[in-house]
Ligand code: FAD
Ligand code: UDP
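In this note's numbering, the protein residues as written are 2 to 394.
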């Protein structure tokens, strides 16, 4: 009998497996893939280069609690992520900053002058509702079209005006020369990769792992008390309220006989080519090797679910599932797919920690059987007929 059946060995499932095992719970962690780590999984390719199988993953957070927690399972390599965008035949910094504007327009503006420039081209909006509003209200329509419109249409199959503001709001606009993609207080890559970090998280005798296993095929055969589910929420309820759309990706990997192939870790292609961005892994991992592997990302509607699609009509479908989730006792939902949230890794870890705390709090309130000198006695506060669930020695 397992205390917990955990579906999905990504950040959500692995954090909860580790936390629950640490308080003595017996956990069975299953994943339908042949590896742990979920979408953050990394491995060595045939050329011996450490790659991220499901696209580039860069760890960044403002949460000390999350960083400290993960630091128990990995050492870190300090890494500041920088991205260039290919626009009008030039490679310029994205997020748009002072240098982006000066390079693009052949100017020599100062920070104050570029602020005035943005103000002169920005469109006035009374309300910022969509991903188009976010950008045009800051940098105007021309820059929006150069950097955001095409990329977003490729990535999501939707116009920015059809997506929630939060999507493009992930990418700020700067008037200084800071060309980092993220400005979080903690930015680092696991020194030996994400998979090694997951292995360390899950190396506990209370955790059993079953790979290549879809939970639907085994749920009736495995005895467990409670479940944690981190797969797609609509699938859990057999699409009762219809399918929730998730955006998928196709990855094309290329290895070249060069130390480095492109001038930055990631190059975004808002307007040219079918792919959105190209990542060269050695920048991220710091690996020294005479060859180099890159990944091209092609966005598509069908395939493994990678991104929830933030827009009102999808939020409405999710809310129906959420109402069901609240009425499904014994199952805890966590993660990017199960809670249909465009979360980064650190946000998923934080969410898992909150779920763990809720589980602990709920169990603390439950009727408890006290073992006293080998005799099981019912503790005070247990109403008759209530099924005790915790036994404390
Ligand atoms: P997942 O990692 O998706 O894990 C869910 C697991 O559940 C999967 O392994 C799946 O196989 C399994 N599963 C699903 N259904 C079943 C079933 N029926 N039975 C058994 N198993 C099942 N975040 C960052 O912080 N920084 C980044 O740079 C970054 N880059 C990203 C780039 C890409 C291309 C993508 C797609 C995401 C990126 N993210 C990034 C987000 C990050 O991947 C997620 O926040 C995180 O991996 C989510 O963890 P999770 O456990 O919720 O889900
Ligand atoms: N985006 C864009 N142009 C860019 C970078 C981002 O239009 O050069 C938009 C696009 O809609 C993208 C979103 O901003 O999906 C969020 O970008 P981010 O780099 O955070 O995407 P992720 O790494 O999650 O795929």
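Here a beta-carbon is modelled for each residue, glycine too, at the ideal position from N, C-alpha and C.
Distance between residue j and residue i (C-alpha atoms, nearest Å)
{"i": "residue 198", "j": "residue 188", "result": "16 angstroms"}
{"i": "residue 344", "j": "residue 102", "result": "30 angstroms"}
{"i": "residue 116", "j": "residue 126", "result": "18 angstroms"}
{"i": "residue 232", "j": "residue 9", "result": "6 angstroms"}
{"i": "residue 84", "j": "residue 358", "result": "37 angstroms"}
{"i": "residue 302", "j": "residue 246", "result": "8 angstroms"}
{"i": "residue 240", "j": "residue 222", "result": "23 angstroms"}
{"i": "residue 219", "j": "residue 72", "result": "34 angstroms"}
{"i": "residue 263", "j": "residue 309", "result": "30 angstroms"}
{"i": "residue 318", "j": "residue 352", "result": "21 angstroms"}
{"i": "residue 362", "j": "residue 355", "result": "10 angstroms"}
{"i": "residue 59", "j": "residue 285", "result": "7 angstroms"}
{"i": "residue 149", "j": "residue 136", "result": "8 angstroms"}
{"i": "residue 236", "j": "residue 244", "result": "8 angstroms"}
{"i": "residue 34", "j": "residue 212", "result": "6 angstroms"}
{"i": "residue 176", "j": "residue 105", "result": "14 angstroms"}
{"i": "residue 166", "j": "residue 129", "result": "7 angstroms"}
{"i": "residue 159", "j": "residue 226", "result": "42 angstroms"}
{"i": "residue 55", "j": "residue 114", "result": "41 angstroms"}
{"i": "residue 27", "j": "residue 19", "result": "10 angstroms"}
{"i": "residue 152", "j": "residue 205", "result": "43 angstroms"}
Secondary structure of residue i, DSSP reduced to three states
{"i": "residue 4", "result": "strand"}
{"i": "residue 186", "result": "coil"}
{"i": "residue 254", "result": "strand"}
{"i": "residue 231", "result": "coil"}
{"i": "residue 239", "result": "coil"}
{"i": "residue 301", "result": "strand"}
{"i": "residue 269", "result": "strand"}
Residue i, buried or exposed, once every other Cβ within 10 Å from all chains shown has been counted against 16
{"i": "residue 94", "result": "buried"}
{"i": "residue 228", "result": "buried"}
{"i": "residue 270", "result": "buried"}
{"i": "residue 89", "result": "exposed"}
{"i": "residue 398", "result": "Because the chain here runs from 2 to 394, residue 398 falls outside it and cannot be looked at."}
{"i": "residue 24", "result": "exposed"}
{"i": "residue 171", "result": "exposed"}
{"i": "residue 67", "result": "buried"}
{"i": "residue 109", "result": "exposed"}
Neighbour flag for residue i against chain C, beta carbons, 7 angstroms
{"i": "residue 33", "result": "The structure shown contains no chain C; it holds only a single protein chain."}
CB of residue i within 7 angstroms of CB of residue j, strictly
{"i": "residue 161", "j": "residue 96", "result": "no"}
{"i": "residue 349", "j": "residue 331", "result": "no"}
{"i": "residue 123", "j": "residue 147", "result": "no"}
{"i": "residue 31", "j": "residue 216", "result": "yes"}
{"i": "residue 280", "j": "residue 155", "result": "no"}
{"i": "residue 46", "j": "residue 261", "result": "no"}
{"i": "residue 62", "j": "residue 365", "result": "no"}
{"i": "residue 291", "j": "residue 50", "result": "no"}
{"i": "residue 339", "j": "residue 207", "result": "no"}
{"i": "residue 100", "j": "residue 181", "result": "no"}
{"i": "residue 191", "j": "residue 16", "result": "no"}
Contact belief for residue i with residue j at Cβ below 8 angstroms, rounded distance in angstroms
{"i": "residue 311", "j": "residue 168", "result": "6 angstroms"}
{"i": "residue 41", "j": "residue 12", "result": "6 angstroms"}
{"i": "residue 37", "j": "residue 234", "result": "So it is not a contact: roughly 21 angstroms between Cβ atoms."}
{"i": "residue 119", "j": "residue 230", "result": "The pair is not a contact, with the Cβ atoms about 44 angstroms apart (cut-off 8 angstroms)."}
{"i": "residue 299", "j": "residue 253", "result": "7 angstroms"}
Cβ-heavy atom distance, residue i to the ligand MG, below 6 angstroms
{"i": "residue 12", "result": "Absent from the structure shown: the ligand MG. Ligands present: the ligand FAD and the ligand UDP."}
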